[in-house]
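Working notes for the structure below.
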Amino acid sequence: MSINIGSQIISKLGSPNSKIPLAIKDIFNCSGYTYFSYGAGGELEGKDRLLDEAGTGAIWLFGIPLYKKLTDKTLYKIAKISPEVDVRVIKNKTVIEEAKKQAPTKEILKEIEGAAANSGLTKKLAIIKFGTALGLTMLSYLGLTKIKHNMTKKNIEKEYIKSNQKEKQLNRGYIYKQSEIFKDIESKISSIAPSFGANPIINAAEGIMLNPIKNMMILDGCISGQRLITARTKEERREYAIKEGSFLFFVYGAGKLIEKVINYGAGKIFKSPINLDSKFLTSETGYKLLKEKGMQAEVNAFQNLMKTATNEEIYSYIINNQNNTVVKAAKESGIISAVKDKAGEIKIDTRKYIDIKEISKLVKYLKEYIENAKDKDITKYINRIKALKVTSTIINVGICCTILGYMVPKYIYESRKKEQGGKKDFYVKTEYEKELAKKINNRV
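Start counting the sequence shown at 0; every next residue gets the next number (numbering that gives the first Met the number 0).
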């Protein structure tokens, strides 16, 4: 039973370590807000929102990876240390020795040795890499904010000039002073400079620094904070508070909660646990596990090992027993990174970190998978689990996309309509036009 494209897509959609579901939710969020913005404030607000959402989305998705890659090509290259070696691998002597001994290629062995020989510098580079990437990404976002605000300001002025009876006076050389609402924003932007602690506690920060999704979550939190700080009116700040709060919850938190509820229901009602990754469910290992007692015994033995062994001992066992059923399942599920050696065999990439907590969860899910299959037709059992997995993943992502792309923006603009007595005017335009009117009247 080979892994097919469909299972890989579902695996990505349901994975907490994949950017794909985040990107899909962001696209729906961007589309929904842009659509409602055009309907509320017309082309002016629509353009403002489109640049904001699309530009921020691009920075959010690609900013940190791009700047990290830049660091890889510069600082790491100068230091002659491989950025592929996870700093968590070189923290423990036992892990380092096992990683060297079981390195799948000579090139990987050399990279591990280089990083281990300069462990202090490797750890510092990891901190610098994360801090630099986050800082430069935030500066990119602040640049986008300034561009957006300037563009909207000019568009409001053009539109106001066309509709104002004093057009000739405006075109004869009146130079407006900086608008108070835009002046305030620019002062806030210019005063914001990202800063990072000189001595962060690596043990507490490494899980965030080295996890791409957590990187995005931290970046998202920073962007949300900056949006609230640089909001041009109090009404815009209120709308941003609702928007950003809902985005953070439904992109990062709600999916896990929905998944738990669905998985619990599938296990209790259908007796079909769907916690396992879809790539594993469509693999040969996933099928054989339900038929071969020897493979099931390996899962039981691994579970017993985890009850008494230390993390280092578990790591050593995994590295030295790569044909073990649990280890194979971990590789097929993406929990353990793997590469091909020169003989073409799939081996563990010992440069990468192995999360023992994730292995523990996998063993638990494998046990449920085996136990619920007793006295059942194996083919039908697996097919039912795969169908439930696909359905639950699509439902999960669909719920979040519907809320982010339709329900929340609709609520925001309907609230605006209620507040404005039936209108949905663009707050920024209304406030700036008031300033323009005062300046014109003062010159008459």
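Just so you know, even glycine gets a beta-carbon here, dropped at the ideal spot from N, CA and C.
Item checked: Rounded separation between Thr-70 and Leu-108 - CA only -> Walking along the sequence shown from the start, residue 70 turns up at place 71. Walking along the sequence shown from the start, residue 108 turns up at place 109. Whole-angstrom Cα-Cα distance: 22 Å.
Margin query: Rounded to the nearest angstrom, what separates Tyr-159 and Glu-432 at their Cα positions?
Written below: Residue 159 sits at position 160 when you count from the first residue of the sequence shown. Residue 432 sits at position 433 when you count from the first residue of the sequence shown. Their backbone Cα atoms lie some 7 Å apart in a straight line.
Item checked: C-beta contact flag for Ala-98 and Thr-349 at 8 Å -> Working through the sequence shown from its first residue, we reach residue 98 at position 99. Working through the sequence shown from its first residue, we reach residue 349 at position 350. Yes, the Cβ-Cβ distance between Ala-98 and Thr-349 is below 8 Å.
Next item on the list: In the DSSP assignment, find the alpha helix (DSSP H) that holds Ala-57 and state where it starts and stops.
Entry: Translated into the one-based positions of the sequence shown, residue 57 becomes position 58. Its alpha helix (DSSP H) spans residues 19–70.
Note to self: Taking the beta carbon of Ser-162 as the centre, do at least 16 other beta carbons fall within 10 Å, making it buried, or is it exposed?
What the structure shows: Translated into the one-based positions of the sequence shown, residue 162 becomes position 163. Exposed: under 16 other Cβ atoms inside 10 Å.
Item checked: Rounded distance between the beta-carbons of Ile-261 and Asn-395, thought under 8 Å -> By 1-based counting over the sequence shown, the position of residue 395 is 396. By 1-based counting over the sequence shown, the position of residue 261 is 262. With 8 Å as the limit, Asn-395 and Ile-261 qualify as a contact, their Cβ atoms being about 7 Å apart.
Check: What number of angstroms, rounded off, separates the C-alpha of Glu-238 from the C-alpha of Ser-271?
Finding: On the sequence shown, position 239 is the one that residue 238 refers to. On the sequence shown, position 272 is the one that residue 271 refers to. If you take the alpha carbons of Glu-238 and Ser-271, they lie about 42 Å apart.
Notebook entry, point to check: Expressed to the nearest angstrom, what Euclidean distance is found between the alpha-carbon atoms of Lys-278 and Tyr-75?
Noted result: Your numbering for residue 278 matches position 279 in the sequence shown. Your numbering for residue 75 matches position 76 in the sequence shown. If you take the alpha carbons of Lys-278 and Tyr-75, they lie about 34 Å apart.
Notebook entry, point to check: Can you find at least 3 beta carbon pairs, one from the segment 23–32 and one from the segment 387–403, that sit closer than 8 Å?
Noted result: yes
Notebook entry, point to check: Using the rule of at least 16 other Cβ atoms within 10 Å of the residue's Cβ for burial, across every protein chain shown, is Pro-103 buried or exposed?
Noted result: To locate residue 103, count along the sequence shown from 1; it is residue 104. So Pro-103 counts as buried.
Note to self: Give me, in chain order, the residues of the same chain whose beta-carbon lies closer than 7 Å to that of Phe-246; leave out the 5 immediate sequence neighbours on both sides.
What the structure shows: As a first step, residue 246 must be located in the sequence shown, where it is residue number 247. Counting only Cβ-Cβ distances below 7 Å, and skipping sequence neighbours, we find Asn-28 and Leu-403.
Check: Cα-Cα, which of Gly-293, Val-298 and Leu-280 is closest to Ala-386?
Finding: If you number the sequence shown from 1, residue 386 lands on position 387. When each option's Cα is compared against that of Ala-386, the closest is Leu-280.
Notebook entry, point to check: For Lys-105, which residues does DSSP report across the bridge?
Noted result: Counted from its first residue, the sequence shown places residue 105 at position 106. Residue pairing by DSSP places Lys-105 in no beta bridge whatsoever.
Notebook entry, point to check: Assuming Leu-143 contacts Ile-58 under a Cβ cut-off of 8 Å, what Cβ separation, rounded to an integer in Å, is found between them?
Noted result: Walking along the sequence shown from the start, residue 143 turns up at place 144. Walking along the sequence shown from the start, residue 58 turns up at place 59. Going by Cβ atoms, the distance from Leu-143 to Ile-58 rounds to 6 Å, so yes, they are a contact pair.
Notebook entry, point to check: Roughly how many whole angstroms lie between the Cα atoms of Leu-133 and Gly-56?
Noted result: For the purposes of this step, residue 133 is taken as the residue at position 134 of the sequence shown. For the purposes of this step, residue 56 is taken as the residue at position 57 of the sequence shown. So the two alpha carbons sit approximately 15 Å from each other.
Item checked: Burial state of Lys-39, where buried means 16 or more other Cβ atoms lie within 10 Å -> Taking the sequence shown and counting its residues from 1, one reaches residue 39 at position 40. Per the sequence presented here, residue 39 reads as Ala, with Lys not at that position. So Ala-39 counts as buried.
Notebook entry, point to check: Among the residues of its own chain, which have a CB less than 8 Å from the CB of Val-326, if the five just before and after it don't count?
Noted result: Locating residue 326 in the sequence shown gives position 327, where the first residue counts as 1. Only Ile-317, Asn-320, Ile-335 and Ile-347 meet the Cβ criterion.
Checklist line | For Ala-342, the first and last residue of its enclosing beta strand (DSSP E) | finding: Locating residue 342 in the sequence shown gives position 343, where the first residue counts as 1. Premise fails: Ala-342 is in no beta strand (DSSP E) and is neither H nor E.
Item checked: Classification of Asn-303 by the beta-carbon crowding that lies within 10 angstroms, buried from 16 upward -> As a position in the sequence shown, residue 303 is number 304, starting the count at 1. Its Cβ having fewer than 16 others within 10 Å, Asn-303 is exposed.
Note to self: Considering only their Cβ atoms, is the gap separating Ser-282 from Glu-205 smaller than 8 Å?
What the structure shows: Counting from one through the sequence shown, the residue named residue 205 turns up at place 206. Counting from one through the sequence shown, the residue named residue 282 turns up at place 283. Against a cut-off of 8 Å, the Cβ pair of Ser-282 and Glu-205 comes out as no contact.
Notebook entry, point to check: Smallest Cα separation from Glu-96: which of Pro-82, Glu-112 and Asp-85?
Noted result: The residue you call residue 96 lines up with position 97 of the sequence shown. It is Glu-112.
Next item on the list: Measure the Cβ-Cβ separation of Val-427 and Ile-241 and say whether it is below 8 Å.
Entry: For the purposes of this step, residue 427 is taken as residue 428 along the sequence shown, with counting starting at 1. For the purposes of this step, residue 241 is taken as residue 242 along the sequence shown, with counting starting at 1. Their beta carbons are not under 8 Å apart, which means Val-427 does not touch Ile-241 by this criterion.
Next item on the list: Would you tell me roughly how many angstroms separate the C-alpha atoms of Gly-285 and Lys-123, rounded to the nearest one?
Entry: Numbered from 1 along the sequence shown, position 286 holds the residue referred to as residue 285. Numbered from 1 along the sequence shown, position 124 holds the residue referred to as residue 123. Their Cα atoms are separated by approximately 41 Å.
Check: How big is the Cα-Cα spacing for Gly-397 and Phe-249?
Finding: Taking the sequence shown and counting its residues from 1, one reaches residue 397 at position 398. Taking the sequence shown and counting its residues from 1, one reaches residue 249 at position 250. Roughly 11 Å between the two C-alpha positions.
Notebook entry, point to check: Going by beta carbon distance, what residues of the same chain come within less than 6 Å of Glu-311, once the five residues before and after it are set aside?
Noted result: If you number the sequence shown from 1, residue 311 lands on position 312. The answer, listed in chain order, is Thr-93.
Item checked: For Lys-346, the residue or residues it bridges with in DSSP -> Working through the sequence shown from its first residue, we reach residue 346 at position 347. Paired residues: Val-338.
Check: If you follow the alpha helix (DSSP H) that Phe-279 is part of, which residue opens it and which one closes it?
Finding: What you label residue 279 is simply residue 280 of the sequence shown in a count that begins at 1. Note, Phe-279: alpha helix (DSSP H), 277–280.
Checklist line | Cβ separation of Thr-121 and Ile-80, assumed to be a contact under 8 Å, to the nearest whole Å | finding: On the sequence shown, residue 121 is found 122 positions in, with the first residue counted as 1. On the sequence shown, residue 80 is found 81 positions in, with the first residue counted as 1. A Cβ-Cβ distance of about 6 Å is found for the pair Thr-121 and Ile-80, placing them in contact under the 8 Å criterion.
Margin query: At the level of alpha carbons, what is the spacing between Lys-18 and Leu-12?
Written below: Numbered from 1 along the sequence shown, position 19 holds the residue referred to as residue 18. Numbered from 1 along the sequence shown, position 13 holds the residue referred to as residue 12. Going from the Cα of Lys-18 to the Cα of Leu-12 covers about 8 Å.
Check: What did DSSP end up calling Val-427 once you bin it into helix, strand or coil?
Finding: As a working note, residue 427 is residue 428 in the sequence shown. It is helical.
Next item on the list: State the DSSP-derived secondary structure class of Asp-219, mapped to helix, strand or coil.
Entry: Start at 1 with the first residue of the sequence shown, and residue 219 comes out as number 220. Looking at Asp-219 - three-state DSSP - the assignment turns out to be helix.
Margin query: Within a Cβ cutoff of 8 Å, which residues of the same chain sit near Ile-313, ignoring the five residues on either side of it in sequence?
Written below: The residue given as residue 313 occupies position 314 in the sequence shown. Here the set comprises Leu-304, Met-305, Ile-355 and Ile-358.
Check: Relative to the alpha-carbon of Ile-222, which residue among Asp-51, Asn-322, Gln-419 and His-148 has its alpha-carbon at the smallest distance?
Finding: By one-based count along the sequence shown, residue 222 stands at place 223. That would be Asp-51, whose Cα lies nearest to the Cα of Ile-222.
Checklist line | C-alpha gap between Gly-54 and Pro-15, whole angstroms | finding: Here residue 54 refers to the residue found at position 55 of the sequence shown. Here residue 15 refers to the residue found at position 16 of the sequence shown. Their backbone Cα atoms lie some 24 Å apart in a straight line.
Notebook entry, point to check: Does DSSP put Lys-356 in a helix, a strand or coil?
Noted result: Your numbering for residue 356 matches position 357 in the sequence shown. Residue state, collapsed to three classes: helix.
Note to self: Can you tell me where the alpha helix (DSSP H) holding Phe-246 begins and where it ends?
What the structure shows: Numbered from its first residue, the sequence shown carries residue 246 at position 247. Residues 233–247.
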